[in-house]
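There are 2 protein chains.
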Amino acid sequence: MSVQERKVRERADRERLILVTARELAEQQGWDAVTTRQLAERIEYSQPVLYSHFRGKREIIGAIALEGAAELAAAVRAAVGAAKGPRARVTALAYAYLDFAAQNPAVYDAMFQLDGGLAFAQDETPEPLKDGFAALLETLGEVAGDDVDPGLFTELFWAALHGLATLTRSGRLLPQDTERRTQLLVDRLVGRDGLGSRGPRRS
Amino acid sequence: MSVQERKVRERADRERLILVTARELAEQQGWDAVTTRQLAERIEYSQPVLYSHFRGKREIIGAIALEGAAELAAAVRAAVGAAKGPRARVTALAYAYLDFAAQNPAVYDAMFQLDGGLAFAQDETPEPLKDGFAALLETLGEVAGDDVDPGLFTELFWAALHGLATLTRSGRLLPQDTERRTQLLVDRLVGRDGLGSRGPRRS
DNA sequence: CTCGATTGTCTAGCGGTGCTAGGGTTGCTG
DNA sequence: CAGCAACCCTAGCACCGCTAGACAATCGAG
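Quick note, the sequences are listed as chains A and B, same order.
Note that the working numbering has the first sequence beginning at 12, numbered continuously upward.
Note that the working numbering has the second sequence beginning at 12, numbered continuously upward.
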């Protein structure tokens, strides 16, 4: 039976090779350069081999998106874990998120700009995506404020980060002001005390 | 010379026809369906005619993006004009923005998701894009707060709206909570008093 | 050990894409 | 009215995602 095991292992290896190569190519030359022909040539197999691992290009993108979600969640948790106090944790989360998007633009595209054929915000949503949101919720939930739904607050904060990430990446926002914008975001959405309260009402 | 004038007019008419048709097709069936062949057939000319008006498909997308920017600016100004008080104006702006994105998804895509070959955040940026940002700045600048740069605050608010718009459209956020998210956004970024102040520091 | 069956891979090709070269026809101009 | 210039279309290029079918290598049964 060892022969079969070897074959299974080799197949798994080749599937990893496909994903690693696709990701590499996308980061180097953009997703437009990731064609099935180019990808096949790089892995030194013919095109049909790709289709014995994935239904099509969409599914390759989707697989990389899932990888990315797991990595983003890990990066966020690592950054948050090293920070003391609610406000510091949120700040660390924001920087970790934006850094990830800036450092892995192709993967971020796979997650949010391209069609990877993944389901969102429903039951069939793959685990890594749910967990990615959970990683945000862990930190952001504690600063949502008393009468605010943590999930809703997390969605809003996430949307703001996503907007900053994408607009910056596409050249609509200048990168040099990223830090000031991030500080302002945390200031406003969380508050300076880090407890999500807003001070007394004035009117 | 009247013949030449007629020709110029006809050319301009045809260019409008191309843009109207492309936009219509994109809204009806998505940008994937906007191929040069399909578009040529709809305007009842052959493909090369398209290239006598635009350098390529990118430029068509770009032209529609500029139209969209002008319309978005107008929609925002109209909504803001009908509102009394800074906070009400910001709320109206937010809804107008999100409504525009939801009602004209293909145009919004042309503006922000697709490559229209346009320049951003620099001198060569086309006027409609600058004016679109200006429309946001007019209302948002007055609630930025004393020690906050109005431009920076506008960028942040815009990014949040953009994030909400795109994540909602792609199914990552559920539409039914849009109103609550928008209220929370305005509450946090502007403050309940509508003057951009945040209450006394607590720590 | 032989021989059929199964598995794996490749070549070749389909229908589509954006874009363009070159030939005609049309209609204006002197 | 003749000649010319402007205009538009047919045909085709190189590429895309994807797949059918031929071929080779490997496996398992007799």
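The beta-carbon is built from N, C-alpha and C at its ideal position, and this holds for glycine as well.
Note that the structure is a prediction, hence the values are computed from the model and not measured.
Counting only Cβ pairs nearer than 8 Å, list the residues of chain B close to residue i.
i: residue 131/A; result: 181, 182 and 183
i: residue 138/A; result: Residues of chain B passing the Cβ test: none, with the nearest at roughly 16 Å.
i: residue 100/A; result: Simply none; closest approach about 15 Å.
i: residue 164/A; result: 195
i: residue 188/A; result: 163 and 166
What residues in its chain sit with their C-beta under 8 Å from that of residue i, if we drop five residues either side in the sequence?
i: residue 47/B; result: 58, 61 and 68
i: residue 70/A; result: 127 and 128
i: residue 81/B; result: 139, 142 and 143
i: residue 197/B; result: 98, 101, 102 and 105
i: residue 44/A; result: 36 and 37
i: residue 175/A; result: 109, 184, 189, 192, 193 and 196
i: residue 27/A; result: none
i: residue 29/A; result: 50, 54, 61, 64, 65 and 71
i: residue 134/A; result: none
i: residue 93/B; result: 103
i: residue 56/A; result: 25
i: residue 122/A; result: 76, 79, 80 and 83
i: residue 89/B; result: 107
Among the options, whose alpha-carbon lies nearest the alpha-carbon of residue i?
i: residue 25/A; options: 54/A, 34/A and 193/A; result: 54/A
i: residue 124/A; options: 181/B, 188/B, 161/B and 133/B; result: 181/B
i: residue 156/B; options: 16/B, 73/B, 98/B and 37/B; result: 98/B
i: residue 78/A; options: 113/A, 118/A and 92/A; result: 118/A
i: residue 42/A; options: 23/A, 22/A, 63/A and 73/A; result: 73/A
i: residue 116/A; options: 173/A, 131/A and 89/A; result: 173/A
i: residue 31/B; options: 17/B, 51/B, 18/B and 16/B; result: 51/B
i: residue 112/B; options: 83/B, 135/B and 136/B; result: 83/B
i: residue 177/A; options: 120/B, 37/B and 21/B; result: 120/B
i: residue 159/A; options: 199/B, 20/B, 131/B and 163/B; result: 199/B
i: residue 39/B; options: 64/B, 114/B, 65/B and 66/B; result: 114/B
i: residue 167/B; options: 29/B, 201/B and 18/B; result: 201/B
i: residue 162/A; options: 187/A, 179/A, 186/A and 132/A; result: 132/A
Can you pull the chain B residues whose beta carbon is under 7 Å from the beta carbon of residue i, in chain order?
i: residue 199/A; result: 199 and 200
i: residue 175/A; result: 170
i: residue 124/A; result: 124
Spatial neighbours of residue i within its chain, please: C-beta separation below 6 Å, excluding the five flanking residues on both sides.
i: residue 147/B; result: 165 and 169
i: residue 34/A; result: 75
i: residue 214/B; result: Low local confidence applies: a pLDDT of 41 at residue 214/B is under 50, so the model's placement there is unreliable, with the coordinate-based value given in what follows. Same-chain partners within the cutoff: there are none.
i: residue 91/B; result: 100, 103, 104 and 150
i: residue 171/B; result: 196
i: residue 18/B; result: none
i: residue 20/B; result: none
i: residue 16/B; result: none
Run through chain A and tell me which residues come within less than 7 Å of residue i, C-beta to C-beta.
i: residue 159/B; result: 195
i: residue 191/B; result: 163
i: residue 178/B; result: 170 and 173
Applying a beta-carbon distance threshold of less than 9 Å, which residues of chain B neighbour residue i?
i: residue 120/A; result: Simply none; closest approach about 10 Å.
Might you give, ordered along the chain, the residues of its own chain that have their beta carbon closer than 7 Å to the beta carbon of residue i, omitting 5 neighbours on each side?
i: residue 87/B; result: 104, 107, 108, 146 and 147
i: residue 193/B; result: 105, 106 and 109
i: residue 137/B; result: 77 and 129
i: residue 212/A; result: Model confidence at residue 212/A stands at a pLDDT of 42, short of 50, so the residue's coordinates are unreliable; what they give is reported in the following sentence. Same-chain partners within the cutoff: there are none.
i: residue 186/A; result: 179
Could you list which residues in chain A have their beta carbon closer than 8 Å to that of residue i, in chain order?
i: residue 83/B; result: Those do not exist, as residue 83/B stays about 14 Å from chain A at its closest Cβ, beyond 8 Å.
Is residue i near the ligand ZN, going by C-beta to nearest heavy atom under 7 Å?
i: residue 45/B; result: In terms of ligand content, the structure shown is empty, and the ligand ZN therefore cannot be addressed.
Check: Is the number of C-beta pairs between the segment 137-154 of chain B and the segment 136-155 of chain A that are closer than 8 Å three or more?
Finding: no
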